[in-house]
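Heads up, the final residue of the sequence shown is numbered 627 in UniProt numbering, and it's a clean run with no missing numbers.
Using N, Cα and C, we set each Cβ at its ideal position, and we do this for glycine too.
A short write-up of the structure that comes next.
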Amino acid sequence: MDRFYRQETGDLDKKNPVCSQEAWCITLDTDRLLRTSSGSIALQSLQRPSTQCHCNLSPFGNPCRESCRLIKKIIENHRIYNRERKVSFSFLDQESTNKRRSTMDDPIRTTEEQQKRRSSGHVRFAGRVPCGLEQPLVLKKNGVRHIRRLPSGEEQEILSVGLACSESFSGPRLAKLLQPGFDYERQAMEQLALGDYANPLSNHTSGGVTEALSDFIDALEPHLPWNNNENDQTLDDWCVSLQLEGASAVWAAIDMVLQQVILTTGNQERTMVAVGATSYHGPPSTSFGSKCPLWQKAHQVKYPVPVAGDLIDEASLIQQFEEFLDLHSERVGVILFEPQWGSSQAGFPWPKSLLKQYIELARARGIKIVTDEIMCGLGRHGNGSLFVSKDYELNPDAITFGKAIGGGVYPISGAILKSGRRQLCQAGCTVMQSHTYAGSSVRALMTATEVLREIPNWLPSVQKLGQEMAHIFGYLAKISDGMLIAHGQGLMWGCLFTKEGAMKDESYRSRAIQSFRQHCEEALILPYIVPAGGFMVSPHFDVDVGTIYEMAEKLEKVTIATMDEMGWSPLSCEEAKTQDVAAAPMGLCASAMEEDSSLCQTYLHRTKSCTSCSSFVCPTIRMRFLN
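Set out below in structure tokens:
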């Protein structure tokens, strides 16, 4: 039954849903279905005319009963798709078809209690809320607009403007990025259903890599933060380690850099890692960072950093840092920097000149520099490059990336080593931070490749929207009468509740934060509430300016409601002046004001971030925040 034959399909019975084009067909054997050149299925006849068929599969003529049972079994186990049109083919009789449809309507037959559990956040899931609490169920998403079902059963639309920088694009833009991987997986599904060799969707790291890796590396290379130094002879010696999430990427960066230090110097004593006194590089129990909830981290030491809301005395900080280096530099091999803090300081950017001084002092002591851009990278900072390190000219020895590079759909992160690939290779050194799925997902790699290709088209829009965010967060700080400290850049902004005035009382501050969270739920907005005592906002790159100001109005409402509930009285005038726009990049605010009267620009209009006309944002609403 494995003969090949050719037959025209145009004159077949109309009930037989085969392709009307000429088809090359293969008669059934034990593990293959009939295939056409276009990828559809054509089951027409089997060459056993002497055996009468009794199973009512009329489109197949008179195949043997055994073959019909085999056909029926295969079709029931696999849904076969046309590669160009998402069309499902079925050759079952009417009774079987009706039965299958009823099964498809309820693919998982469960008890009423199980159905109830499936329709809500499960109490047995240990996640970001205390174990045992039921969470909202996210049903649908359209950019920052999410439809959620609450534990009460009520459905609501909410603006999810936080999400910790984990998503990049939405709607048709996201569909475009996912399409190559979708087509690839659909082809793999067809091949799997036929029992053929199939496109790999993943591969264990010990068994080799997939073709998608090369495309990803080619897309990453133009964005490396060292490419602005054409005289650097080490630029061709870089390499990248791929991981699943940010904490592992930081571990991989440290891993590669420390191995290189040991190979270069022969010194195996400098294995300590310096982290900021306020820092976060992953879950605090197992990752680098300032918090130690379970045990002390003997492999790291903390260095002094500027703190959002405090008066920044650069000379004093430099002196403290030099004292730190005098004490620890002989043991420290690597120092971690977040050019723009994430949750530990709610989006607070390092003062550029201060950060560069820190790096030069550390480098002069032979300490390797790793910049963690898991959150602030990928162009989110709004300064026109993929990495903050490139814009600030930090020249790190390694840099990390992650989160939104997977489009908000697939987990993927990584660490890029500036140089040392050849040295590590000659010494036979591998990345110690490796595991089963490190860079193995083809869909993640393909999506990340498309994200890297797409982001440059949106950098001008991110910069423009960052200027609008500067207006909004400056306004929130102003109306809060000193309750909030605002800071950020690009599409990554945050506010912290001050520790001045009544907020010096931690119980009062805790109640204020809880009040703010509750009013956010009532206003149907979800910023990213951070443990430092505040919130962050980091919308998609393709968010429109109208949605930005809708978010602003909701945050304004929440801020005022929190002040009223807490009975917040403003600080003294002198104190309020220092808190009003603490750490906000004033250059952005000034440049934004200068552009208020600029003409409508094509790229801004195309990305729906134009503010020179009333197409995308109400001028009256916008001017309230500007003034």
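*Distance, Cα to Cα, residue 479 vs residue 556?*
8 Å
*Consult DSSP for residue 653 and reduce its assignment to one of helix, strand or coil.*
Outside the displayed range of the chain (1 to 627) lies residue 653, so it cannot be described from this structure.
*Pick from 394, 382 and 375 that is closest to residue 356, judged by C-alpha positions*: 394
*Return the Cβ separation of residue 149 and residue 137 in integer angstroms, given the expectation that the two are a contact with Cβ distance under 8 Å.*
4 Å
_If you measure between the beta carbons of residue 432 and residue 564, is that distance less than 8 Å?_
no
*If you count every other CB in all the chains shown that lies within 10 Å of the CB of residue 350, and 16 or more means buried, which is it?*
buried
*asked:* Which residue marks the beginning of the alpha helix (DSSP H) containing residue 319, and which one marks its end?
replied: 314-328
*Kindly indicate the opening and closing residues of the alpha helix (DSSP H) around residue 218.*
212-220
*Can you tell me the Cβ-Cβ gap for residue 164 and residue 528, rounded? I've got them flagged as a contact below 8 Å.*
5 Å
_DSSP state of residue 626 mapped onto helix, strand, coil_ = helix
*Do residue 407 and residue 263 have their CB atoms nearer than 8 Å?*
no
*asked:* Which of the three DSSP states is assigned to residue 409 in this structure?
replied: coil
*Whole angstroms is fine: what's the gap from residue 381's alpha carbon to residue 197's?*
44 Å
_Can you tell me where the beta strand (DSSP E) holding residue 493 begins and where it ends?_
492-497
*Distance CB(residue 249)-CB(residue 402) smaller than 8 Å*: yes
*With distances taken Cα to Cα, identify the nearest neighbour of residue 454 among 241, 128 and 170.*
170
_Where the beta strand (DSSP E) through residue 302 begins and ends_ = 300-303
*Going by beta carbon distance, what residues of the same chain come within less than 6 Å of residue 423, once the five residues before and after it are set aside?*
263
*If you count every other CB in all the chains shown that lies within 10 Å of the CB of residue 161, and 16 or more means buried, which is it?*
buried
*Apart from the five residues on each side of it in sequence, which residues of its chain come closer than 7 Å, Cβ to Cβ, to residue 515?*
562, 565 and 566
*asked:* If you reduce the DSSP assignment to three classes, tell me which class residue 339 lands in.
replied: coil
*Cβ contact check for the segment 176-190 and the segment 433-449: 3 or more pairs under 8 Å*: yes
*Taking Cβ to Cβ, would you say residue 191 is nearer than 8 Å to residue 199?*
yes
*Using the Cα positions of residue 600 and residue 616, report the straight-line distance between them to the nearest angstrom.*
12 Å
*Cβ neighbours of residue 517 in the same chain (closer than 7 Å, five flanking residues each side left out)*: 529
_Nearest-angstrom Cβ-Cβ length linking residue 346 and residue 495, presumed shorter than 8 Å_ = 7 Å
*Under a three-way DSSP split, which group does residue 125 fall into?*
coil
*In three-state terms, what does DSSP make of residue 236?*
helix
*Taking the alpha carbon of residue 510 as the point to measure from, which residue in 531, 492 and 270 has its own alpha carbon closest?*
531
*Could you name the residues of the same chain whose beta carbon sits closer than 6 Å to that of residue 519, not counting the 5 residues immediately before and after it, in chain order?*
558, 561 and 562
*asked:* Can you check which of these residues, 337, 260, 127 and 521, is closest to residue 359 by C-alpha distance?
replied: 337
*So, do the segment 533-551 and the segment 455-468 have three or more beta carbon pairs nearer to each other than 8 Å?*
yes
_Measuring alpha carbon to alpha carbon, tell me which residue in 125, 508, 143 and 127 is nearest residue 546._
143
*Three-way DSSP call (helix, strand, coil) for residue 374 in this model*: coil
*Provide the residue(s) that pair with residue 526 in DSSP beta bridges, ordered along the chain.*
160
*Taking contact to mean at least 3 C-beta pairs separated by less than 8 Å, is the segment 460-478 in contact with the segment 272-280?*
no
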